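Notes for the one structure printed next.
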Amino acid sequence: MSIITDLTRMWLTRSPKPFTFTKEYDRFLPYGDCRGLGLYIHIPFCQSICRFCPYCKVVYRQDLCDRYVDALIREIHAVGGQYGGKKTVTSLYFGGGTPALAADRMKDILAAVGEHFLITEGIGVELHPDNVTVPTLRTLKDAGVTKISIGIQSFSGKYQSILGRDAIDSGAIARALAAVPFETVSMDFIFALPGQAFADLRADIDTAFAIGANHVAIYPFIDFAFTDSTIPAMPKKEKRALLDAITKYCLDRGYERNSIWTFSREKQARYSSMTRDNFLGFGCSATTLLRDQFKINTFSVEEYCRRIDEGDLPTALTIRFTLRQRMVYYLFWTAYSTRVDSRDFASFFGVPLKKMYGAELALARLLGFVTETDGVYEMTLRGAFYYHYYENFYTLAYIDKMWGILRKEAFPERIVL
Ligand SMILES: C[S@@+](CC[C@H](N)C(=O)[O-])C[C@H]1O[C@@H](n2cnc3c(N)ncnc32)[C@H](O)[C@@H]1O
Ligand code: SF4
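In this note's numbering, the protein residues as written are 159 to 575.
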């Protein structure tokens, strides 16, 4: 499997050079000139741990969470205070874990962010269904949150029990959402669970839009090697049929596909922390992507707090990209939005997309993966499936390996992918 990712990487980067991440870290992050910069904050606490979940998280304890948030605020000041004045950024997303477990500290965190950054496209928070109560939603809204994304996974008790999660009380969620509205209300679902059929997913999507969502994210189940999930993977053919059926259903209903996995019912509904050219990440496991480097913070809550106490940044690993590596990284994540605009590429890199990847784009058109109109490449249904398929390889070959190591070692010497 890793042969596929290795060969693709060598082909697209025009080099046998692997992606090498090392332990080095900088005190200064060169984000001053980055256009379209986004922010991400990770809160690594959950009330209980789901076996299938790959994210960086530990069981919630109030004292640990408070200590962590204090450290987080110091990290925000350390990075945000590098340049004088306020830097304009697009959006800020809180992910986890379960960020609403720190809802009472949200105002403090946002005050720290607001000292250094001017957010123009809103603030999003990921919620566990248990967080969807009127008091918690009010606390978040009063702090300035404009978008929420709720980890429903499935409205069916059968699939919740396969995932080891509690059944959803959709009536309670509907009432809380009606009482405290947000500009974007997204709901997360997991598909390709054993026995799951199109009718199950259609019911999930319909229920989501009926009880207050205006955006849905439908993720394929990924069996990460380092989790102790025992859920079997769905065969490829069945998965493809399911993905195509959901996509067609959403498009026929007039929902807009704004990324491989997400559909919105209203134009302004957007929830994506992934499709951005540059971002700064704060907190455990958060990543930072700049013009020519990528960084990932330590996964250890204790070591994170210790580094910050010592006055240093909590970076665990850094990769300094070659130009071609950065281009591949750019194209991979931009393709996640199902479209690549060659003008954006040219303005980011200062070279035409066709000059760098003309042959690959011609091949992708020939294979029916993309169509081109006026320099904008749009993924076809077929292209979206193969992107999904390749992303699965990538996730297992790269993310699985890196996160698997970072979960065990706070600051590994190097990782070669
Ligand atoms: C951090 S969680 C969302 C918020 C909250 N912690 C919760 O569980 O409801 C992010 C989302 O990732 C998705 N996810 C988690 N593990 C996954 C896996 N193994 N495969 C695919 N999607 C997964 C789920 O849809 C989940 O809602
Ligand atoms: S799925 Fe959500 S609640 Fe479950 S462990 Fe992962 S982050 Fe925590």
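For glycine and all other residues, C-beta sits at the position ideal for the given N, C-alpha and C. These numbers were taken from a predicted model, which means no experiment stands behind them.
Would a C-beta distance cut-off of 8 Å place residue i and residue j closer than the cut-off?
i, j, result
"V290", "I308", "yes"
"P200", "G254", "The sequence shown places His at residue 200, not Pro. It is a contact, given that the beta carbons lie within the stated cut-off."
"S312", "I348", "yes"
"K244", "A301", "no"
"N455", "L447", "no"
"Y429", "S344", "yes"
"G282", "I306", "yes"
"T342", "N372", "yes"
"R434", "T248", "yes"
"P257", "E233", "no"
"G562", "F384", "yes"
"I369", "S417", "no"
"R449", "C192", "yes"
"K316", "R572", "no"
"I331", "L351", "no"
"A337", "V292", "yes"
"D586", "I310", "The requested residue 586 is not part of the displayed model; the chain covers only 159 to 575."
Starting from residue i, trace the alpha helix (DSSP H) both ways and give me its first and last residue.
i, result
"Q596", "Since the first and last residues shown for the chain are 159 and 575, residue 596 lies out of range."
"A236", "220-238"
"Q451", "Unbroken run through Q451 is the beta strand (DSSP E), 451-455; no alpha helix (DSSP H)."
"H546", "539-552"
"R428", "Counting along the chain, R428 falls outside any alpha helix (DSSP H), and DSSP gives it neither H nor E."
"V292", "292-301"
"K265", "264-274"
"E279", "Unbroken run through E279: none, as it is neither H nor E."
"S319", "315-321"
"V459", "459-467"
"S328", "328-337"
"D402", "394-410"
Quick one: does the C-beta of residue i sit closer than 7 Å to a heavy atom of ligand 2?
i, result
"I376", "no"
For ligand 1, is there any heavy atom lying closer than 7 Å to the beta carbon of residue i?
i, result
"Q311", "yes"
"D362", "no"
"D346", "yes"
"E284", "yes"
"F527", "no"
"F382", "yes"
"F507", "no"
"F379", "yes"
Considering only the alpha carbon of each residue, which of the options lies closest to residue i?
i, options, result
"D221", "Y213, R232, F203", "F203"
"V528", "D410, R497, C214", "R497"
"M392", "A383, I404, F379, T385", "F379"
"G541", "C211, A444, A493, L409", "A493"
"V534", "A504, H546, F543", "A504"
"T445", "L475, F421, I234, F177", "L475"
"R209", "D346, G412, G322, D467", "G322"
"R126", "L195, I363, M537, P212", "The structure shown does not extend to residue 126, since the chain is modelled only from 159 through 575, so no value can be given for it."
"F506", "G194, T178, F186, G190", "G194"
"V459", "E468, F452, G469, S443", "S443"
"F551", "A269, G196, F382, D324", "F382"
"F275", "E567, L511, L438", "L438"
"H546", "Q240, P510, R398", "R398"
"D467", "Y198, A229, V216", "A229"
"E414", "K406, Y407, R423", "R423"
"S495", "M537, F440, G441", "M537"
"D402", "L539, P390, P293", "L539"
"C214", "L575, A568, V574", "A568"
"G441", "Q451, R360, C463", "C463"
"S477", "A350, A355, V574", "For the record, residue 477 in the displayed sequence is Ile; it is not Ser. Checking every option, the nearest Cα to that of I477 belongs to V574."
"A427", "L359, T480, P339, I389", "P339"
"D502", "E518, D532, T473", "D532"
"M514", "L525, Y488, F543", "Y488"
By the DSSP assignment, the beta strand (DSSP E) with residue i in it spans what residues?
i, result
"S417", "414-417"
"G253", "250-254"
"K245", "245-247"
"R367", "In the sequence as presented, Arg is not what sits at residue 367; that position holds Phe. Element bounds for F367: not the beta strand (DSSP E) but the alpha helix (DSSP H), 356-368."
"G508", "Careful: G508 lies outside any beta strand (DSSP E) and carries neither H nor E."
"A493", "Segment 481-493 is the alpha helix (DSSP H) holding A493; no beta strand (DSSP E) there."
"L471", "Neither: L471 is in no beta strand (DSSP E) and is coded neither H nor E."
"D558", "Unbroken run through D558 is the alpha helix (DSSP H), 558-566; no beta strand (DSSP E)."
Any heavy atom of ligand 2 nearer than 6 Å to the CB - residues listed: C204, I207, C208, C211, Y213, K215, G254, G255, T256, H286, G309
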